[in-house]
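The opening residue of the sequence shown carries number 1 in full-length UniProt numbering; numbering runs sequentially from there. Cβ coordinates follow ideal geometry from the N, Cα and C atoms, glycine included. Below is one structure; the comments refer to it alone.
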Amino acid sequence: MSTATRPATGSEPEPAAQAGPPSGAAPAAVGRERGRRRAHRRNLFSALLFLSPWIVGFLVFTAWPMIYSAYLSLTDYDVINNPEFIGIQNYVDLASDEKLLLALGNTAIFTLLQVPLYVVVSLALALLLDRAGRASGFYRTVFFLPKMTPPVAVGVLFLLLFNGQNGLVNGVLGFFGIDGPSWTTDPAWVKPGLVFMSLWTVGASVIILLAALRNVPKELYESAQLDGAGFWRQSFSVTLPMISPALFFIIVVNTIAGLQTFDEAYTAFFGAGNTTYSNDAALFYVIYLFQQAFEYLHMGYASAMAWLLFVVIMIITAIQLVVSRRLVYYEGDR
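Printed below as a string of structure tokens:
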């Protein structure tokens, strides 16, 4: 009968001691973790406290009105009586409203005329300011001051400057032997006149483009000069690509502003007691929306118009964003 053999190694090895944190280490780590969490909660509370004015303002003055207007767009509401739910009837009526199509067409034409001219004039003035040297600070102030003019005052100024009989613009044109048009009564010249008047407020865009121009690295111009590039070649190969983000921002912002044009045109052509110059050529989309809401008290229909404009702006902005991927150069994407 055999017996189990054991290795001749002497006494059996004792199990190795397991490594572990020294006494008191675990409670200290737990305490540090709790401290980090408390600090995180304090920082979060402080951030929300500082953001609370904006959050409250957004919820009260933006989010809630949008939600409520979406509801009103599905109702027949005249402000006096309670809203009556009618489903999508307001949206169906939009498609057959000839005056709405007229207003939408006027707005589209105005925007297509205004935005390119606005950008070109802003860029030209920014290029001049970039070469102004020490006097640029004074000229920046001069160009920006008209931006502070109330839009209602600009509308009144439009009637004074572009009056077909004795306006200053036609007076200057007459000095050079040019017979000026009837800016305020001729349907063909109403929108161009408003476009020219909108150039009164290019100051903000000029400042943005000037800042972008001064951020272009000088080394790029020096390299272009060494390669024999002239002014125009440098402008198209260096300046425009480097300031393209600022240009894109100005185009998007002014497109949205053009589609919502109201103050100047309403003051000049549809203001209180103004029946002489009222013209369908100046009936822009937001003006027609305002009339439906506050003159005819068709608040439900006006809400549907507002949501239609919102969708149009979103689509146009989305298209601009897609196009910008090919045309706009961002230095961080290199």
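Item                                                                                                                                                                                            : Value
Looking at the strands, I want to know which residues DSSP matches up with T75.                                                                                                                 : F85
A229 to L128, Cα distance in whole Å?                                                                                                                                                           : 20 Å
Could you tell me which of Y68, I86, F58, P116 sits nearest to L247, measuring between CA atoms?                                                                                                : P116
Given a cut-off of 8 Å, decide if V195 and S122 are closer than it, judged by their beta-carbon atoms.                                                                                          : no
Between the region 84-104 and the region 176-192, are three or more C-beta pairs nearer than 8 Å?                                                                                               : no
Could I get the ranges of all uninterrupted alpha helix (DSSP H) runs contained in the region 99-144, with 4 residues as the minimum, in chain order?                                           : 136-144
If I follow the unbroken alpha helix (DSSP H) through A282, where does it start and stop?                                                                                                       : Careful: A282 lies outside any alpha helix (DSSP H) and carries neither H nor E.
Applying the criterion that 16 or more other CB atoms from any shown protein chain within 10 Å of the CB defines a buried residue, is L168 buried or exposed?                                   : exposed
Within its chain, find whatever has a CB closer than 6 Å to the CB of P21; leave out the 5 residues flanking it on each side and keep chain order.                                              : In this predicted model, P21 has a pLDDT of only 49, less than 50, meaning its place in the structure is not dependable enough to derive any value.
Look at the alpha carbon of A293 and the alpha carbon of V216, and state the distance between them as a whole number of angstroms.                                                              : 48 Å
How far does the alpha helix (DSSP H) with T320 in it reach, from first residue to last?                                                                                                        : Looking at the sequence shown, residue 320 is not Thr but Gln. Counting along the chain, the alpha helix (DSSP H) containing Q320 begins and ends at 299-327.
Counting along the chain, where does the alpha helix (DSSP H) carrying M242 start and finish?                                                                                                   : 240-259
Taking the alpha helix (DSSP H) that V152 belongs to, which residues open and close that run?                                                                                                   : 151-161
Whether or not the region 299-307 and the region 64-74 are in contact is what I'm after, with contact meaning three or more pairs of Cβ atoms, one per stretch, closer than 8 Å; do they touch? : yes
Rounded to whole angstroms, what's the CA-CA distance from S73 to A268? Just pull it up for me.                                                                                                 : 29 Å
By Cβ distance below 7 Å, which residues in the same chain neighbour Q260 in space, the five residues on each side in sequence not counted?                                                     : V286
Within 8 Å, do at least three Cβ pairs link the region 153-164 to the region 250-264?                                                                                                           : yes
Taking DSSP as the reference, what is the three-state secondary structure of P187?                                                                                                              : helix
Run through DSSP, which three-state label would S182 get?                                                                                                                                       : coil
Per DSSP, what kind of secondary structure is E331 in: helix, strand or coil?                                                                                                                   : helix
Could you say if the region 238-245 and the region 208-227 meet the contact criterion of at least three C-beta pairs nearer than 8 Å?                                                           : yes
Going by C-alpha to C-alpha distance, which of V172, I250, F236, K191 sits closest to A204?                                                                                                     : I250
Alpha carbons only, please: which of L44, H298, T107, G87 is nearest the one belonging to N81?                                                                                                  : H298
Return the CA-CA distance between V120 and S223, expressed in angstroms with no decimal places.                                                                                                 : 26 Å
Is the Cβ-Cβ distance between K191 and N254 less than 8 Å?                                                                                                                                      : no
Using the Cα positions of P83 and D76, report the straight-line distance between them to the nearest angstrom.                                                                                  : 6 Å
Classify I88: buried if its beta carbon has 16 or more other beta carbons within 10 angstroms, exposed otherwise.                                                                               : exposed
Apart from the five residues just before and just after I316, which ones in its own chain have a Cβ nearer than 7 Å to its Cβ?                                                                  : T255
Would F162 pass as a contact of G193 if the rule is Cβ separation under 8 Å?                                                                                                                    : yes
Do V238 and A126 have their C-beta atoms closer together than 8 Å?                                                                                                                              : no
Starting from I80, trace the alpha helix (DSSP H) both ways and give me its first and last residue.                                                                                             : Element bounds for I80: n/a, residue is neither H nor E.
With respect to 7 Å, is the separation between the Cβ of V156 and the closest non-hydrogen atom of the ligand MN below this value?                                                              : You won't find the ligand MN in this model; it holds no ligand whatsoever.
Take E331 as the anchor and find which of M314, A212, N170 has the nearest alpha-carbon.                                                                                                        : A212
Take N170 and list the residues in its own chain whose beta-carbon comes closer than 6 Å to its own, dropping the five residues that flank it on each side.                                     : G180
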